[in-house]
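Okay, structure first, notes after.
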Amino acid sequence: MKNIDLTHCITENMTVYPGTEKPKLEAASTYERDGFKETLLTMFSHTGTHMDAPAHLFEQGASLDSYPADQFVGKGLVIDCRQYKEGQRIPMSCINAVRENADLAEFILFYTGWDSKWGTEEYFRNYPCITEEVADYLIASKKKGVGLDVISIDPISDANLTIHRKIFSESNMVIIENLTRVGEIGNDIFTFCALPMKFKNADGAPVRAIAIVK
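Just so you know, we're using the numbering used here here: the sequence shown kicks off at 50 and counts up by one.
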């Protein structure tokens, strides 16, 4: 068995959604002064590799702390979408090409290779996004979640967050954004874990996402 870490490290200089403040990691206690180290973390709930809940967009939507832990672990499948370039949409044909495994999976991860642009301005430019038809499939097949190696499941230009709203208004699926190393997982079903920080009324939270591959 092999564990693959799919998580970007949180740093003060990391990539964040445009307009969001970068995280701060301040030394609250030091070895020299206090005999131990403690860090004060200040960051937004959708920092780095993170999970969105319906409460992100809807006042009455489910928050992450209300989910059972089982929601965050399950059978995953990677859909290789690297053939789709800037501004293109990932169609249902990508799902249909691996439909048997896609139907079995509880989490679908879309591999665009866009994480190679992490830390550059290109990361925000017209990354490939799924179609509404793909979102309909994810909802109808009652997936636990969907993950991507881009900054949002919606285009950066879509201020309405159309795909977010569709998923969260029609299901309690979670959305995991800013994954990395998805291309190392392979094409078979694997165990996916993405455990969010648990705080009250969590609209979203950083996660430590891993793939457990046989």
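Even glycine gets a Cβ: it sits at the ideal position worked out from N, Cα and C.
Straight-line gap, TYR66 to LEU197 (C-alpha atoms, nearest Å)
15 Å
When the Cα of GLN120 is compared with those of ILE261, ASN236 and ASN221, which residue comes out closest?
ASN221
Relative to the C-alpha of SER218, which candidate in ALA77, GLY125 and ALA189 has its C-alpha closest?
The residue with the shortest Cα to Cα distance from SER218 is ALA189.
If you follow the alpha helix (DSSP H) that ALA151 is part of, which residue opens it and which one closes it?
148–153
Please report the Cβ distance between GLY253 and HIS57, rounded to the nearest whole angstrom; I am assuming they are in contact, meaning their Cβ atoms lie under 8 Å.
Incorrect: roughly 15 Å between the Cβ atoms, too far for contact.
Jot down the residue ranges of each uninterrupted beta strand (DSSP E) in the stretch 184–240, minimum 3 residues, whole runs only, in chain order.
194–197 and 223–226
Which of the three DSSP states is assigned to LEU106 in this structure?
coil
From the DSSP output, read off the bridge partner residues of THR88.
ALA76
State the Cα-Cα distance for the pair CYS178 and LEU210, rounded to the nearest angstrom.
12 Å
So, LEU90 versus PRO72, is the Cβ gap smaller than 8 Å?
yes
Around the C-beta of PHE10, are 16 or more other C-beta atoms found within 10 angstroms, so that it is buried, or is it exposed?
With the chain running from 50 to 263 in the structure shown, residue 10 is simply not present.
Less than 8 Å separating the beta-carbons of ILE53 and ILE259?
yes
Under 8 Å, with one C-beta from each stretch per pair, do the stretch 221–237 and the stretch 156–170 reach the 3-pair mark?
yes
In chain order, what residues of the same chain have a beta carbon less than 6 Å from the beta carbon of HIS95, not counting five sequence neighbours either side?
GLY253
Report the rounded CA-to-CA distance for GLU182 versus ASN145, giving the unit in angstroms.
12 Å
Are the beta-carbon atoms of VAL256 and PHE239 separated by less than 8 Å?
no
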